[in-house]
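The listed protein sequences correspond, in order, to chains A and B. Quick note on the numbering used here: the first sequence kicks off at 104 and runs consecutively. Quick note on the numbering used here: the second sequence kicks off at 834 and runs consecutively. Heads up, the beta-carbon is just placed ideally off N, CA and C, and yes, glycines get one too. Note that the structure is predicted; figures quoted are calculated from it, not measured. Take a look at the structure below.
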Amino acid sequence: MSGMHRSPYQGLAVEFAEHRQYVAGDPVRHIDWKVFGRSDKLYLKRFQQETNLDIHIMVDASGSMRFGTLGSKDGWGGTETGRQSNWTKFDHATAAAAAMAFLGLAQRDRVSTEMFGPTLIAATRCSNSQGHWRAIVQCLATHAVDGRADLPRAVDELLSRGTHRSLVVIVSDFLMPKQQVKDALARLRHRGHDVILVRVLDRAELRFDLDENAPFEGLEGEATLEVDTRSIRQAYLDVLAEDERELERLARGFGFDMIRLDTHESVGPALAALLARRETFLRGGGR
Amino acid sequence: MSLLTFSSPGLAIAAGMAVAVPVAIHLLMRRRRKPVEWAAMELLREALRRVERKRRVERWLLLAVRCLLVICAGLAIAAPFIGSTIATTRVVRTLVVIIDDSAAANERLGTGTAFDRSIAMARSEIEQLLPGDRVAVVLTSRANISSREAASLDHRGAVQRLTGLAATELASDLSAALTAAAAILTHEESAGTQREILVCSAFRVGFVGGLTPLQKLGNDDAPVTIRATTEPAPDGTNLRITSIELDRVAGTGPGAPVVLRVMVARDRGDGVLHTTVRVTGPTLTSPVERPVELSAGEREHAVTVMLSERASDPALALRRAVVASISADAQPVDDSRASILAPTDRLRVVVVDRRTFETSGAIDRLPAGEWVSRALAPGDAAVIDVTMTDPAALDSRTLAATDTIVIAQPQLLNTQQWGLLTSFVTRGGVVVVLPAAGELVQAWTSQFTSTFSLPWKLALEARDFPTPVALAAEQPNSSYLATLGAELPQLSPAVEVFRALAVDVSMDPTATQLALQDGSPFLLSWRPLNARGMVVLFTSAIDLSWTTLPLKPLMVPLWQELIAEGRRHASAAQVVVVGAQPDIDRAGVVELRPIAPDGGALPGARSIAVGAGGRATGPIERGGMFEMLDSSGRVQGVMAAVVDDRAASVAPVEHEQLNKWLSASGEVNWIGGGNNGVQRNGTQPMSPRQTSGLAPPLFVIAVLLAALEAFLARRFSYATGIRPATTRQANGQQVVSEGAR
């Protein structure tokens, strides 16, 4: 069955993709003899197979995702967590995940969602059937948000389900040790998956423009910190910028894509920009 | 020694305590904060780690600046100074406040007294002293027992001491007070200070006394500034009772009515004055009152009052005393006076003469002592006990049981016996001295004059008159022989004198009680200083070779009157002046207990113990009557204490006269005006609000610290350019105020 996406598996496929210079060991049956006849050089023909895509959307449901400073308004929807008070990062993450799932299902890609915290909390089957989006939304909206995230473990559990190469979208604030992120991405990369990192942060976390000195309590059981917000603002922003750069470096290092979402801004423009960028990138020659 | 002290120690303490305010605010603000839930704790922790050291330094720096600011501001207001600094900015003062607490200070002025006014002004002056200044208080009634220690830095203690003081009924001694003040000012602790004496008084006659010249205080190297409170205007008139004398006994036997003569004198006021004399006493049947009117210009007025005593009772006989009082006026202290009525027991006279072995009984051979004995006890019914004693037997025991001593052989007394006679006169006894009849050279005269400090000059040899000289018909106006006054013109000329001692009384003209026709004295009297008794001298021996007096009718009444005077002195011996420490001549008395005029108890009055030697252990400090009690509590007699008339006088003194008198001690600046005066003239004391040496720089430092604090607080708040975007919800979470979604 032919799908709308180019398959990530390149080789002998329906659609020509590119030429590559022959190196010793390559199968000779893929040599483009016409080119050899014209240029006396050996090139291999590579093809892109158009296929349906499996998309796994992993949503971080750890305690840190419970943070939010944007007041909720009627009609916004959101999860049980955010509906009680503010629009949280988890709300924003589920909104982004639901949107991406909707887009995938709309083009008949098979989509699954996985909620992870200390472990993989919940998951839907990977399907493109009608009504699956409702199941996805229900899964996103009904689970508790708590505990510390363990991304490598969640990824291990995902991979243990025998998933073949697919697109893995990780929606999280990535407020975790970067080594964990690196380990998780390395395993996904090893199994040949494509990964999109979607980092969701609250505007207060991005700007740190609090004006009162107060003790800060962690949402994942961290010790309380006495903070003079004004005095450490610049240092915090520096640390945040370094953290962003580190995460981006990791993603680029594995050849993955990454976007950042601000909970105070709409999900749509950011996702549109992501998809447009990927489209442009893929049409420009693939990888 | 450079000790840091403060003009306002309370403010300095407050400043020290105020340092805790910034710290307390800091702690309270921490406690009141509500926690904020936060997700990016690792980022926050890392940020904190990076700025923690810097923030700690900033916090401590800001706190230190704030604390220093509070300290400097507080200290500047508290006006600190260091000993060495003070010398360059102001002179430390040593102030000795002399308070007039004498009898004159009881004068009523408006709603208070002159003493209250003095205390108020002294207190005001002390409260204006700056820290480091010294102060001492000297009381004029007790100046000779004032402490000569250094003036104190404890101003509050001095004020408290003033609060506990009260005016006394004692005499004032400004000279002694100035001496005490000078001793205090010359104490090494006061070296180098500005030395001042403040005299707080109404400066009435009672305070200034006889304007006795005062000693000069200070010198060019260490001058003493004297300030004195201006005398207030007199407020009201004043009368006083100057004496109470027994005029006569109207009848015979115990219980006979007694007539007293009460003298009322004008102390202040020139117009017609009315008052009521009231006499009461423990033995009177009822108090007696007599209205008195002093006409304009009349200085003194005598009032006779007849008193009826209760039936004879041995116990009452020992309490025969009266208190006369007049209506209240400007000076309450001299409005009453106590006196002792003559004792009813027999008088005791000792005649000191050498016994003779002459048995003929010839009149021309009778010794002087015998003549005197016969004159004193002419019959069996005599009320005078006469005892003959040999000069060698005269001792203190003899004197203790005697009212009057007649010395007929003065040349036989030794120095110790003369000393005993001095004590005897001091206690109120009467000593009558006769020249030795058988001696031409009276060698005892020098001892006599020196013993009693007589102002007379006695010749060593008796003078023989070529022709007998009679007593003058016109005798001096003698209060001593007042009762003989009407008969003297007839009795005196009959007495002839052949030989007499020449006595020069030019220094004391009033001493002559009887004079010869040539004007030379025949009988002299003298009351030694501070003595209650008297010394009487006959210039002629009671011997027929000297005079015909023993044979003349004047002999008996003259000697009887002498003894009557002794009787009066015997009672006067029980009258002491307030301030004296009396010698009690009655054996067994151990306590002097004040009693009310009617003889009742006087609640709250302090008794005075009497020592084994008969001397009271303390001075009499109030006028009135005192019961003399023995160890079993029985009354042995009664003693009257009277306030010194002159000490209590509230008659005003001319200011020029005062200024001249007080200026003898140094330059005088008069301060105050009116009864509560605060207006000043003359040299002003240093302003108490004068800024101390360290206050200005401390203020400057405080201002600089305030500016630094403002700068650092803004700098360390990191508030520049940050616009708060969030507000806090009731649940503690942050909410964006703008709808950004």
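Taking Cβ positions only, does residue i come closer than 9 angstroms to chain B?
| i | result |
| --- | --- |
| ILE273/A | no |
| GLU323/A | yes |
| ARG169/A | yes |
| LEU223/A | no |
| GLY250/A | no |
| ARG380/A | no |
| TYR259/A | Note on identity: in this sequence residue 259/A is Asp, with Tyr being the wrong assignment. No, no contact with chain B. |
| ASP341/A | yes |
| GLY166/A | yes |
| ASP305/A | yes |
In chain B, which residues lie with their C-beta within 8 angstroms of the C-beta of residue i?
| i | result |
| --- | --- |
| PHE219/A | Result: empty, since nearest Cβ-Cβ is about 16 angstroms, beyond 8 angstroms. |
| ASP346/A | LEU876 |
Using the rule of at least 16 other Cβ atoms within 10 Å of the residue's Cβ for burial, across every protein chain shown, is residue i buried or exposed?
| i | result |
| --- | --- |
| ALA338/A | buried |
| TRP893/B | exposed |
| THR973/B | buried |
| GLU323/A | buried |
| HIS1107/B | exposed |
| LYS192/A | buried |
| THR1137/B | exposed |
| ASP212/A | buried |
| GLY1444/B | exposed |
| THR222/A | exposed |
| GLY1515/B | Low local confidence applies: a pLDDT of 40 at GLY1515/B is under 50, so the model's placement there is unreliable, and no value is given. |
| ARG1170/B | buried |
| GLN1308/B | buried |
| GLY1565/B | Only weak support is given to the placement of GLY1565/B: the predicted model assigns it a pLDDT of 37, under 50, and the question is left unresolved by the model. |
| ILE775/B | Given a span of 834 to 1574 for chain B in the structure shown, any question on residue 775/B remains unanswerable. |
| ARG1548/B | exposed |
| HIS122/A | exposed |
List, in chain order, every chain A residue whose beta-carbon is nearer than 8 angstroms to that of residue i.
| i | result |
| --- | --- |
| PRO868/B | ALA317, PRO318, PHE319, GLU320 and THR327 |
Taking only the alpha-carbon atoms, compute the straight-line gap between residue i and residue j and give it to the nearest angstrom.
| i | j | result |
| --- | --- | --- |
| LYS1493/B | GLY1042/B | 14 angstroms |
| TRP136/A | PHE384/A | 29 angstroms |
| ALA198/A | ALA853/B | 54 angstroms |
| PRO1452/B | PRO1383/B | 45 angstroms |
| ARG352/A | LEU300/A | 12 angstroms |
| LEU902/B | ILE335/A | 27 angstroms |
| SER269/A | PHE219/A | 18 angstroms |
| SER917/B | PRO964/B | Any reading at SER917/B must be qualified, since the residue scores a pLDDT of 46, below 50, and its modelled position is unreliable; the value itself is stated next. Answer to the nearest angstrom: the Cα atoms are 14 angstroms apart. |
| ALA1013/B | LEU1537/B | 51 angstroms |
| SER275/A | ASP163/A | 5 angstroms |
| GLU870/B | GLU320/A | 5 angstroms |
| VAL971/B | VAL930/B | 6 angstroms |
| ALA1481/B | ALA1535/B | 59 angstroms |
| VAL248/A | SER1550/B | 36 angstroms |
Just to confirm, is the Cβ distance from residue i to residue j under 9 angstroms?
| i | j | result |
| --- | --- | --- |
| TRP1251/B | THR1220/B | no |
| LEU1174/B | THR1237/B | no |
| VAL1110/B | ALA1157/B | yes |
| VAL1263/B | VAL1422/B | no |
| LEU262/A | ARG228/A | no |
| ILE1074/B | ASP934/B | no |
Taking 9 angstroms as the CB-CB limit, is residue i close to chain A?
| i | result |
| --- | --- |
| ARG883/B | yes |
| ARG899/B | no |
| GLU1542/B | no |
| GLU1582/B | Only positions 834 to 1574 of chain B appear in the structure, and residue 1582/B is not among them; the question remains open. |
| LEU877/B | yes |
| GLU958/B | no |
In chain B, what lies closer than 7 angstroms to residue i by C-beta?
| i | result |
| --- | --- |
| ALA338/A | ALA880, ARG883 and VAL884 |
| GLU51/A | Outside the shown range of chain A (104 to 390) lies residue 51/A, about which nothing can therefore be said. |
Against residue i, what residues of chain A qualify as contacts under a CB-to-CB distance less than 7 angstroms, listed in chain order?
| i | result |
| --- | --- |
| ARG888/B | ASP331 and SER334 |
Please list the partners that residue i has in chain B, where partner means a Cβ-to-Cβ separation under 9 angstroms.
| i | result |
| --- | --- |
| ASP276/A | ALA872 and ALA873 |
| ASP253/A | Those within 9 angstroms of ASP253/A in chain B number zero; the least Cβ separation is about 15 angstroms. |
How would you list, in chain order, the residues of chain A whose beta-carbon sits under 9 angstroms from the beta-carbon of residue i?
| i | result |
| --- | --- |
| LEU1527/B | In chain order: nothing, as chain A lies at least about 37 angstroms away. |
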